[in-house]
Every structure is written in C-alpha cells, then in structure tokens.
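Chains P and U, in that order, give the protein sequences. Going by my numbering, the first residue of the first sequence is number 1, and it counts up by one from there. Going by my numbering, the first residue of the second sequence is number 1001, and it counts up by one from there. Glycine included, each C-beta is placed from N, C-alpha and C at the ideal position. Note sheet for the following structure.
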Amino acid sequence: MMHQARLGPAIRCRDLHKQYKTRNGSVRAVNGLDLEVRPGECFGLLGPNGAGKTTTIEILEGLLDASSGDVEILGMRWGEHDDELRQRIGISLQETRFAEKLSVIETLVLFRSFYRAGNDPADVMKELGLGEKAKSWVGKLSGGQRQRLAVACALVGDPELLFLDEPTTGLDPQSRRHLWDTIRRLGEQGRTILLTTHYMDEAERLCHRVAVVDHGEVIALGSPAELIAGLGGEHVVEFALADGSGIAEEELASLPAVLEVRKEAAGMALTVTEPHVAIPALLQKVQHEGLDLARLITRHASLEDVFVRLTGRRLRDEEISSAE
Amino acid sequence: MKKYHPLNELLLARVREFVREPEALFWVYGFPLLLAVGLGIAFRNQPAEKIYVDVEQSGTAATIAQVLRRSPGMVVEIHAADECRNRLRLGKSSLVVRSDGATTFLFDPTRSESVLARQRVDDLLQRAAGRHDPIATRDEHLTEPGARYIDFLVPGLLGMNLMGSGMWGVGFVIVDMRVRKLLKRFVATPMKRADFLWSMMGSRLVFMIPELVVVLGAGALFFGIMIKGNLFAILALGFLGAVSFSGLGLLVASRAQRIETVSGLMNLVQLPMWLLSGIFFSADRFPAALQPFIQSLPLTQLNNALRAVILEGASLQSQALGLAILAAWGCVSFACALRWFRWSS
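What follows is the structure, given as structure tokens:
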C-alpha cells in the first residue's frame, strides 16, 4: 500500500532527557536531544554503541518513559493515544528472540492478529524473501533470516512509520545488502523510517538525513552528502611509512590541497580537496626525505570521517568496551 | 479480508509451542504417571507373609512338623539344635520349636513376625492336642478399592500436578518471553495485554484436561481406582485448580527477569505445599498448631476436595469452603500480578 505524505513532522522531540539510576550514581543516556523527522524520509540515528540511540528510539516508540522532554509521534502523544499510535507504527527491536518452535508464517499471523488492518502475512513474508521458509521453525533460521522476520513482524500492520533499531547488526555482508534493499523498497512505498545504526556505510546508503549522536546529544544533522561536504574536502588520503614513523603534521598541512591532518593507529590520514594535487606533493615529499612508503590509499570521505572530526574518536572504538 | 482473532491466535501459539516441546510434555503428562506407577508398586498391598518355623531334631519333630504344615502359609523345616539357632539368628526362620517332653518356643520378642509366629504355632499345636475353642469366629477380609494407599495417593498426585504445571506452565513461559524480549515486542504492538494474560490462563485450561485424563485414567486402569465422583465435578475442580495456580504462577513471574530467579521463587512457593498439603500422606498428621496454616494453603484445599469428590463421591457444594479458599488464592494472585507485571525490561 502506498502511504500518503502527511502534513507536519512524523516524529518531533524536544529537549529529551533520560537518566538511569545505577549503583554509583546516575547515567545520562539522553541529554537534551532534539529531533524532527519528516514524513516519507528515511532518517538515521548514527553513533557509537552507548551513545543513547536505543534509549532514544525506545522513548520514541513509547516503550520507555523519558525523564523530561516532549515527544510527538504522527501528531499524537504517548499516554494519550497509545492504541491509535500502536496501530500505525511498526517496530523492530534491537534484539528479539521470537518463539523458536513457531513457524515463520505462524509468527507473522500472530503479529498480524494484533492489528485492526494490515497486510496479508503471506505477502509480507514473500516481500522479505522468507517465502521458502514459511513452514520452518524460527529456531532453524539463520541470523539474516531472523532479522528479516523481525522486520516482517514490524510490517504486518502496514505501518506508516517504521522504527528499526540496529537492523543489520551481526549480519554477514550478503544478508546486510539484502536487508538494505528491502529497507530502501519500504521507503519507496512512502513509509517514514527511523533507524539506528553504528555502521556509517549503512547510514550513507539508506538515509536521506542523519543525526550523528554522541553522549546522548545530536552533534551533527544533515544529509550524508552535506555532512561529508562539511569536512571541506571530500577525499581522504591515508598512508603509512615502512618504519612506522611519520612526517610532522605541520609539514603535511602545508602541502597543497590538504585541509586537515590526523594521526591514525596505523599511519596518517589527510583530508584533501583535490587528490590529484595532494598525492604528487605527498609522494615528492616522501622521496625527498628518503622515506619508504608502505601503504597509500585514497578514498571518498565518509560519515566515519565526520564522526572522527567531531569527536576525535572512531565510531566503532567503543564497540568492545560498552554494550548499549 | 480475512479476520484475525488475537486471543485465538495467542492461545493457538501457546498450544503449538507446548506440544512441540517434548520435555514439557513429559513433565506434565509422563512424570506424574511414572510417579504414580512407582509409588503404587512400592506401597502395593502385599499378600499375607508366610510364617517360617524350624523344629529341633527330636523324636516328635516329624509329628509337630506335620501338624504345622497342614495350616496354609506355614513353612516348616527340621534341623539340628545348633542349626536351628543359627537360622533364627540370621532371620531365615522366625521361630524355633523345641520338643523334649515339654514344648519350648525360641524367638526374639522384638521381632513382630516372631511374636506372630509364636501365637499361630501355639494355637495350631494346642488345637491338634485337642483344645476346643468355646466360640466360633469367622474372618471377613476388607481390602476393597477405595481404602488402599494408591487410592489415597492418586488424587494427591493429581493436585500436585495441577499445581506444578499451572505454576511452571505460566511462570516459566512468561519469564522466558521476558528474557527473549518477546513481551516487550508484544507490547510494542496494539495487542491487548488482557488478551495475552487470558491466553496464558486459557492454555492451562486446555492442557489440564489431558492431565486429568492421564492421571485418573492410569489410576483406574493400572490400580483399579474407583472414581465415585461426578466427572463434571472433577472437571470443575481441575478447572478451578488450573486457574488458581496459573494465577499464582503469574504472580511469581510478574517481575522476575531471569529464569534462575523465577525457578527459585517457584520452588520456594511450592515447597511448603509439597510437604504439608497432603500429597503423599494425610495433612492431618501434622500437629494441631500447624493446621490453620496448612488448611489455608491452596493445594491442601484442592487435594481435600479432589479426594472427597473422587473417592467418596462428595458433591461440590459440600466442598464450598475449601473451594472458596482456593479461588481466593487465584483471584488475589491474579489481581496482584496485573498490578506488578513487568512488560518491558
């Protein structure tokens, strides 16, 4: 079903705060977050684990109460129009383990039964490429298939607003691409989508606009192209020397077309406006000083570079240390 | 467009999950059956014991042995004096008869079978020697179904099973769903929470019927238990028991976030009832001071009512007070569970 674009934002929240009490004091998971998602757009909350993405999306989904702040979903509020809202939104949580001994179609029919109106579960199943697995028990599905089932369960109510929390985390590259295609198709049907991710490539490929979130705040907002353009240069040149040493940052910064220099774990990264100007200059410098180049890579700047520029950290650094 | 009924679908999902889980099937249907069979065999009413008597070698030994052997149930052997002593000491015989002019009985008075043997042998010898009993007596044997241990046991096992499967069947499943974040996923849909809780109770009622049939059927088939009560009355008791204990299961599971927590709580709640509520032996054997507590337990009342209805054919009305106590447990637990229930983590 095609969805009519509505007037006014699909999601609006202002000055959102959420504090958790812990054993040693309290943690501010969300710290004054503002957001406005337009109808029909695919909007991404991008940030490292622990940035407050899941807390934020769960408040917007009405599953968690905010400590303070104002939330409006499809022009309605949680606590006033809960049933109406639940009928019109679809949710895929970060991790749901569906009943192992129910089949795919049984699970979808169960979820479909909760909605007044919606899609035929068999159609949704086919749309998500689960048709062959209709009668398989959920316990027998692969990670990618389970994730597609989670999205399918969010779709059986034919929602105009879809929340996807880390939809592709833990999937292999092929399953991720498959799910990306699906999500893009859902967006083309006119649905509004809010997704969270800590994969910059996912945000770049899927989202019309992205809010970069760190420590419970939005630190940058715009389309992926805008955010990358904000770096000044759209290209990054990375290099490393054989002996592991470097070249002084001031010297690199003085090379033509170089906007910014930063040290990385293995080598140096330069943000440049024109690689064909910067690279020859860099090579000349290496030769002039008699250094031995071990690696030279040039690539388009990504949201990852935006995040590093904003925070001095990489998106995935915190993956091991803190689970959200 | 096809109509979907959320309550039906939830109920169907519960039933499907249950019958696809062999372990759950065993604990609900197989285990009580094994328990009934095992206990039934252990405590079966055995035929009267044989009486083992030795006679010391002497001139009259053969005559005495002949007299005694005429009585059924007597196993008589003749041995030398030393051998007789030895056999008595080892428990191979219960009594030694010595006949050397006078007749002497050798036995251990602390062994009841020896005391019994002495009595019987004395009677037989006296009568053979010409004693005449002044009054004629007649024996009437009373081992009819209804008064045996197995008759007492089966309704108790049924009650225990209704408690166990009611509490585990609801409590365990709910905490498992909470751990899986499935409860949270459900409340993220327009599902009515009452529908969900009703489906839990409803599934218990569905599973309760085969439980009744299996336990009572096995009792009737293997042990010849006579079901005197009205079948609808028994079904009504099963219904009330299942509802009350699933309410209690719901309460125990209302906040627990881990399987270990709910398992511990479940055992804590069930343990006093296993011990005190008259499953394996009558609750009346406990001291009077404990009785008010014991009688207030839901399983005590369920077991009392099941025994009265199944074994004595009592009416439901005659069990009204007990059933009211049972129902009160169910209602209060359900109400508290609704209040405290943790849907999302």
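For the stretch 1304-1343 of chain U, list the alpha helix (DSSP H) runs that are entirely contained and at least 4 residues long, ordered along the chain. The qualifying runs are 1320-1340.
Closest Cβ-Cβ distance between Arg-1342(U) and chain P: below 8 Å? Sequence index remark: in the second sequence, residue 1342(U) carries index 342 (1-based). Not closer than 8 Å to any Cβ of chain P, the Cβ of Arg-1342(U) fails to qualify, so no.
Chain P contact residues for Met-1191(U), given Cβ-Cβ distances below 7 Å: If you number the second sequence from 1, residue 1191(U) lands on position 191. Correct list: Phe-114.
Where Thr-1282(U) falls, given that 16 or more other Cβ within 10 Å makes a residue buried: In the second sequence, the residue the question calls residue 1282(U) occupies position 282. Residue identity check: residue 1282(U) is Ser in the sequence provided, not Thr. By the 10 Å Cβ count, Ser-1282(U) comes out exposed.
Cα-Cα separation between Ile-320(P) and Gly-47(P), rounded to whole angstroms: Taking the first sequence and counting its residues from 1, the one referred to as residue 320(P) is at position 320. Taking the first sequence and counting its residues from 1, the one referred to as residue 47(P) is at position 47. Caution is warranted here: a pLDDT of 40 is assigned to Ile-320(P), below 50, making its placement in the model unreliable, and the coordinate value is therefore given only provisionally. Going by the C-alpha atoms only, they are around 14 Å apart.
Answer yes or no: does any C-beta atom of chain U fall closer than 8 Å to that of Gln-87(P)? Here the question's residue 87(P) lines up with position 87 in the first sequence. Judged by the 8 Å Cβ criterion, Gln-87(P) is in contact with chain U.
Inter-stretch contact at 8 Å, needing at least 3 Cβ pairs: the stretch 1057-1076 of chain U / the stretch 1097-1111 of chain U: yes
For Leu-93(P), which residues in chain U fall below 9 Å Cβ to Cβ? Taking the first sequence and counting its residues from 1, the one referred to as residue 93(P) is at position 93. The contacting residues are Lys-1181, Lys-1184, Arg-1185, Ala-1188.
Inter-residue Cα distance where the pair is Ala-154(P) and Leu-259(P): Here residue 154(P) refers to the residue found at position 154 of the first sequence. Here residue 259(P) refers to the residue found at position 259 of the first sequence. So the alpha carbons of these two residues sit roughly 45 Å apart.
Test: Glu-1009(U) CB closer than 8 Å to a CB of chain P: Along the second sequence, read from residue 1 onward, the residue named residue 1009(U) stands at position 9. It does: the Cβ of Glu-1009(U) has a partner Cβ on chain P nearer than 8 Å.
Per DSSP, what kind of secondary structure is Gly-131(P) in: helix, strand or coil? As a first step, residue 131(P) must be located in the first sequence, where it is residue number 131. DSSP places Gly-131(P) in helix when its eight states are reduced to three.
Determine whether the beta carbon atoms of Arg-1120(U) and Ile-1078(U) lie at a separation below 8 Å. Against the second sequence, residue 1120(U) aligns to sequence position 120. Against the second sequence, residue 1078(U) aligns to sequence position 78. No. Outside cutoff.
Please report whether the beta-carbon of Val-109(P) lies at a distance below 8 Å from any beta-carbon of chain U. Sequence index remark: in the first sequence, residue 109(P) carries index 109 (1-based). So, interface residue.
Is the number of C-beta pairs between the stretch 1214-1224 of chain U and the stretch 1150-1157 of chain U that are closer than 8 Å three or more? yes
Alpha carbon to alpha carbon, what distance is there between Glu-72(P) and Ala-220(P)? Your numbering for residue 220(P) matches position 220 in the first sequence. Your numbering for residue 72(P) matches position 72 in the first sequence. Whole-angstrom Cα-Cα distance: 21 Å.
Local conformation of Thr-1103(U) per DSSP, three classes: On the second sequence, position 103 is the one that residue 1103(U) refers to. Note: Thr-1103(U) maps to strand in three-state DSSP.
Report the neighbours of Asp-65(P) on chain U: residues whose CB is nearer than 7 Å to its CB, in chain order. The residue labelled residue 65(P) in the question sits at position 65 within the first sequence. Contacts between Asp-65(P) and chain U, judged by CB atoms closer than 7 Å, are missing: the closest CB pair is about 10 Å apart.
Residues in the same chain with beta-carbon distance under 6 Å from Glu-1113(U), minus the five sequence neighbours each way, listed in chain order, please. As a working mapping, residue 1113(U) is identified with position 113 in the second sequence. Within the same chain, Glu-1113(U) has close Cβ partners Ser-1094.
Just checking my contact of Ser-103(P) with Ala-134(P) at CB under 8 Å: how many whole Å lie between their CB atoms? Stepping through the first sequence from its first residue, residue 103(P) is reached at position 103. Stepping through the first sequence from its first residue, residue 134(P) is reached at position 134. With a Cβ gap of about 7 Å, Ser-103(P) and Ala-134(P) count as contacting.
In chain P, which residues lie with their C-beta within 8 Å of the C-beta of Tyr-1052(U)? Residue 1052(U) sits at position 52 when you count from the first residue of the second sequence. The premise fails here: Tyr-1052(U) is roughly 59 Å from chain P at the closest Cβ pair, so nothing lies under 8 Å.
For Glu-1017(U), return the contacting residues in chain P, with the cut-off set at a CB-CB distance below 7 Å. Numbered from 1 along the second sequence, position 17 holds the residue referred to as residue 1017(U). Those within 7 Å of Glu-1017(U) in chain P are Ala-99, Lys-101, Leu-102.
If you check the beta carbons only, do Val-1343(U) and Leu-1158(U) fall under 8 Å apart? Stepping through the second sequence from its first residue, residue 1343(U) is reached at position 343. Stepping through the second sequence from its first residue, residue 1158(U) is reached at position 158. The sequence shown places Trp at residue 1343(U), not Val. Going by C-beta atoms, Trp-1343(U) is not nearer than 8 Å to Leu-1158(U).
Taking 8 Å as the limit between beta carbons, can you name the residues of its chain near Lys-326(P), skipping five residues before and five after? In the structure as shown, chain P begins at 1 and stops at 324. Residue 326(P) is therefore absent and cannot be evaluated.
Please report how far the alpha carbon of Gly-1322(U) lies from the alpha carbon of Asn-1304(U), in whole angstroms. On the second sequence, position 322 is the one that residue 1322(U) refers to. On the second sequence, position 304 is the one that residue 1304(U) refers to. C-alpha separation (whole angstroms): 8 Å.
Contact set for Phe-1172(U): own chain, Cβ-Cβ below 6 Å, skip 5 residues either direction: Against the second sequence, residue 1172(U) aligns to sequence position 172. Once the five neighbours on either side are set aside, Phe-1172(U) has no close Cβ partner at all.
For Glu-1023(U), return the contacting residues in chain P, with the cut-off set at a CB-CB distance below 7 Å. Sequence index remark: in the second sequence, residue 1023(U) carries index 23 (1-based). What Glu-1023(U) touches in chain P: nothing, since even the nearest Cβ is about 11 Å away.
Residue environment, Ser-322(P), which counts as buried when at least 16 other CB atoms sit within 10 Å: Stepping through the first sequence from its first residue, residue 322(P) is reached at position 322. Residue placement at Ser-322(P) is poorly supported in this model, since its pLDDT is 40, which falls under 50; the coordinates still yield a value, given next. Flag for Ser-322(P) reads exposed.
Asp-158(P) touches chain U at which residues, Cβ-Cβ below 7 Å? As a first step, residue 158(P) must be located in the first sequence, where it is residue number 158. Result: empty, since nearest Cβ-Cβ is about 12 Å, beyond 7 Å.
Measure from the C-beta of Thr-96(P) to each C-beta in chain U and report whether the shortest distance is under 8 Å. Sequence index remark: in the first sequence, residue 96(P) carries index 96 (1-based). It does: the Cβ of Thr-96(P) has a partner Cβ on chain U nearer than 8 Å.
In the DSSP output, what is Arg-1118(U) paired with across the bridge? Locating residue 1118(U) in the second sequence gives position 118, where the first residue counts as 1. Note: Arg-1118(U) sits in no beta bridge, so no partner.
Run through the DSSP bridge pairs and tell me what His-300(P) is partnered with. Here residue 300(P) refers to the residue found at position 300 when the first sequence is read from its first residue. Answer is His-235(P), bridged to His-300(P).
Where does Tyr-20(P) sit, in a helix, a strand or coil, going by DSSP? Residue numbering aside, residue 20(P) sits at position 20 when the first sequence is read from its first letter. If DSSP states are grouped into helix, strand and coil, Tyr-20(P) belongs with the strands.
Please determine, among Leu-161(P), Gln-174(P), Asp-123(P), the residue with the shortest C-alpha to C-alpha distance to Gly-143(P). Within the first sequence, residue 143(P) is the residue found at index 143, counting from 1. Looking only at Leu-161(P), Gln-174(P), Asp-123(P), the smallest Cα-Cα distance to Gly-143(P) is reached by Gln-174(P).
Using three-state DSSP, classify Lys-1092(U) as helix, strand or coil. As a working mapping, residue 1092(U) is identified with position 92 in the second sequence. Three-state DSSP puts Lys-1092(U) in coil, outside helix and strand.
Could you tell me the boundaries of the alpha helix (DSSP H) in which Lys-402(P) lies? The requested residue 402(P) does not occur in the structure, where chain P is confined to residues 1 to 324.
If we count Cβ pairs, one from each stretch, closer than 8 Å, do we get three or more for the stretch 58-73 of chain P versus the stretch 199-217 of chain P? no
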